[in-house]
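Residues in the sequence shown are numbered consecutively from 1, following full-length UniProt numbering.
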Amino acid sequence: MDMGTYSNQVYFIGGGIASLAGAAFLIRDCGFPGQQIHIIEELKVLGGSNDGAGDRKHGYVIRGGRMLNDETYENLWDLLSSIPSVDDPSQSVREEIVAFDTAHPTHSRARLVNKNGEIEDVSSMGFDMGDRMAMAKLILAPETQIGRMRINEWFGPHFFQTNFWYMWATTFAFQPWHSAVELKRYMLRFMHEFPRIHTLEGVTRTPYNQYDSLIVPLQQYLQKHSVDFELKCTVTDLDFKEGDDITVTRMHYVKDGKQKILDLAEEDLVIITNGSMTESSDLGSMTTPPRLNGKGSSWQLWDRIAAKKPGRLGNPSSFDDHIDESKWESFTVTCKESRFFDLMESFTRNKAGTGALVTFKDSSWFMSIVLAHQPHFRNQPEDIKVFWGYGLYPDQVGDYVKKRMCDCTGEEILTELLHHLKFEDDKDEIIRSANCIPCMMPYITAQFMPRTLGDRPEVVPEGSTNLAFIGQFCEIPDDVVFTEEYSVRTARIAVYQLLGIDKPIVPINQYQYDVRTLLQSLATSFR
1 MDMGTYSNQV YFIGGGIASL AGAAFLIRDC GFPGQQIHII EELKVLGGSN DGAGDRKHGY
61 VIRGGRMLND ETYENLWDLL SSIPSVDDPS QSVREEIVAF DTAHPTHSRA RLVNKNGEIE
121 DVSSMGFDMG DRMAMAKLIL APETQIGRMR INEWFGPHFF QTNFWYMWAT TFAFQPWHSA
181 VELKRYMLRF MHEFPRIHTL EGVTRTPYNQ YDSLIVPLQQ YLQKHSVDFE LKCTVTDLDF
241 KEGDDITVTR MHYVKDGKQK ILDLAEEDLV IITNGSMTES SDLGSMTTPP RLNGKGSSWQ
301 LWDRIAAKKP GRLGNPSSFD DHIDESKWES FTVTCKESRF FDLMESFTRN KAGTGALVTF
361 KDSSWFMSIV LAHQPHFRNQ PEDIKVFWGY GLYPDQVGDY VKKRMCDCTG EEILTELLHH
421 LKFEDDKDEI IRSANCIPCM MPYITAQFMP RTLGDRPEVV PEGSTNLAFI GQFCEIPDDV
481 VFTEEYSVRT ARIAVYQLLG IDKPIVPINQ YQYDVRTLLQ SLATSFR
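Now the structure itself:
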């Protein structure tokens, strides 16, 4: 396509992976000039929830870790196949990840640990017939029938004491009060993972954290194509043309403390990441707990524009008005000595980077940790080791530290963890050489909140002439939120639809129609 075909500008609001992917699809698949693409981000760094930063002195932080999947992340892999690796530009990021994952395959030997500090045998899912029947009914029920039902309204109490629930809930961060529809979608989308949920062999790892491994090469690719990055800039509102159509005419934003207005040409496009999982997150330290913050600018923007077109741009209230049900707390631990890693590798029989989430199933905080392959950051010195963990129930009082997790300092969280592992003899030495940075995230599972059709807007809403939504809070039938794939797929749909590009989008793998997968899943449910 002729590079001179387009005279319009494209404005991406939000600098996460969805916007970066959208810009890359514009360049790669549409022949769109990079200098006419603008990515507007409130923070001083791109990547959104794919963050990763720090150093030896201040400690490292990743608010979350992402597990990729070889069979289900169809559009992510398609995109990364055309992005050059930072370390070896003759290789794609996709090839780089495959090579790393092949060299460091995942096979967890310690998925669940009980209150006695013993590794549980998780070869059995622990289902009874009631659990199996409820699961089968959920998979077969249409989403319209399930509606706003919560998982704990669909399943009985026994289900939440099964090995399956302990492993599935912590792998994907589900809470009992989350949407039963989302659980159904996950069960279908990851049906092929069900037989190996106890080892997580299907997980694909990146060489470093996702900021270093995904965002940096994407950003470099876009920079080479002259894409405009507008950082430390906050979009506060959008104006719409009068009438039934949805046409954005003006953008209000704040830059350098000053309120500004951008008038859009009729053919200009606006693509919004509406809502954010990690917005308003706050970091604590070894001596201070993190704060619980409220709505930030991305939620406020969605609230404002949705009110201007009632029923057409989604219902953000379903997701952003339930902090107590969408929050949890993570922590990143920087170790200046290898003692903790040595003990964990001996305990789990997994070398760092070959295991998976280790979940303390009897922990009142429902705590899990994972040891990634080291180094986990590009700038990480050889003698420094970093691991990550989280607690799904931050409002509960600890089993050893008698405080709510959300009120605990990094040292207290580390103390609780070491007691669960029965590493008390080495506790003082480990804590002395560690820096545990807790992170409170008010909206981290907001996308799992019970919802009905229309609460998430369509990627390109009906009647839209120049507006699209991307990210975790717009609607793609059958696909699962809280994944890199969802963000990338929404971006591809948005770009193709707005520009009228007639190219195929890699379809969703329908594992529920594969006989072998169905039989394996059925057999697993009786293990």
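All residues carry an ideal CB built from backbone N, CA and C; glycine is no exception. Remember, it's a predicted structure, so these values are computed and weren't measured experimentally.
Give me the Cα-Cα distance between residue i and residue j, rounded to the nearest whole angstrom.
i, j, result
"residue 76", "residue 94", "9 angstroms"
"residue 1", "residue 31", "The pLDDT assigned to residue 1 is 28, lower than 50, so where the model puts this residue is not dependable; a value taken from the coordinates is nonetheless given after this. Approximately 6 angstroms, taken between the alpha carbons."
"residue 85", "residue 399", "45 angstroms"
"residue 11", "residue 373", "37 angstroms"
"residue 252", "residue 288", "36 angstroms"
"residue 304", "residue 82", "37 angstroms"
"residue 148", "residue 451", "5 angstroms"
"residue 302", "residue 340", "44 angstroms"
"residue 150", "residue 138", "12 angstroms"
"residue 292", "residue 45", "22 angstroms"
"residue 429", "residue 412", "15 angstroms"
"residue 449", "residue 73", "23 angstroms"
"residue 479", "residue 502", "21 angstroms"
"residue 4", "residue 33", "In this predicted model, residue 4 has a pLDDT of only 46, less than 50, meaning its place in the structure is not dependable; the value taken from the coordinates is given anyway. Cα to Cα, the separation comes out at about 8 angstroms."
"residue 385", "residue 507", "39 angstroms"
"residue 315", "residue 166", "31 angstroms"
"residue 474", "residue 489", "11 angstroms"
"residue 196", "residue 152", "24 angstroms"
"residue 495", "residue 272", "12 angstroms"
"residue 484", "residue 327", "20 angstroms"
"residue 122", "residue 110", "9 angstroms"
"residue 297", "residue 462", "25 angstroms"
"residue 113", "residue 284", "27 angstroms"
"residue 200", "residue 168", "10 angstroms"
"residue 193", "residue 56", "37 angstroms"
"residue 98", "residue 174", "28 angstroms"
"residue 516", "residue 446", "34 angstroms"
Pick out whichever of the options has its Cα sitting closest to the Cα of residue i.
i, options, result
"residue 308", "350, 247, 375, 423", "247"
"residue 422", "344, 404, 281", "344"
"residue 355", "105, 16, 488, 161", "105"
"residue 387", "331, 489, 237", "331"
"residue 358", "171, 196, 406", "171"
"residue 486", "14, 15, 21", "21"
"residue 381", "272, 337, 43, 366", "337"
"residue 202", "214, 397, 189", "189"
"residue 565", "376, 401, 352, 371", "Residue numbering for the chain in the displayed model covers 1 to 527; residue 565 lies beyond these limits and cannot be assessed."
"residue 392", "319, 504, 325", "325"
My output table needs one value for residue i: the three-state DSSP class, helix, strand or coil.
i, result
"residue 275", "coil"
"residue 163", "helix"
"residue 259", "strand"
"residue 406", "helix"
"residue 427", "helix"
"residue 2", "In this predicted model, residue 2 has a pLDDT of only 36, less than 50, meaning its place in the structure is not dependable; the value taken from the coordinates is given anyway. The answer is coil: DSSP assigns residue 2 none of H, G, I, E or B."
"residue 443", "coil"
"residue 30", "helix"
"residue 177", "coil"
"residue 250", "strand"
"residue 334", "strand"
"residue 449", "coil"
"residue 158", "helix"
"residue 152", "helix"
"residue 422", "coil"
"residue 352", "coil"
"residue 530", "Not covered by the structure: residue 530. The range shown for the chain is 1 to 527."
"residue 533", "Nothing in the structure corresponds to residue 533, since the chain is present only between 1 and 527."
"residue 53", "strand"
Return the chain-ordered list of same chain residues with a C-beta closer than 8 angstroms to the C-beta of residue i, the five sequence neighbours on each side being excluded.
i, result
"residue 278", "48, 49, 51, 63, 64, 441, 443, 444"
"residue 24", "79, 82, 83, 218, 221, 222"
"residue 208", "52, 375, 376, 377, 378"
Taking all protein chains shown into account, decide if residue i is buried (16 or more other Cβ within 10 angstroms of its Cβ) or exposed.
i, result
"residue 349", "exposed"
"residue 437", "buried"
"residue 342", "exposed"
"residue 19", "buried"
"residue 133", "exposed"
"residue 346", "exposed"
"residue 69", "buried"
Apart from the five residues on each side of it in sequence, which residues of its chain come closer than 6 angstroms, Cβ to Cβ, to residue i?
i, result
"residue 269", "10, 466, 498"
"residue 267", "8"
"residue 460", "468, 497"
"residue 554", "Since the displayed the chain opens at 1 and closes at 527, residue 554 lies outside it and no answer follows."
"residue 155", "134"
"residue 143", "181"
Ignore the nearest five residues each way along the sequence and tell me which others in residue i's own chain have a CB closer than 7 angstroms to its CB.
i, result
"residue 395", "404, 406"
"residue 424", "418"
"residue 539", "Residue 539 is absent from the structure shown; the chain starts at 1 and stops at 527."
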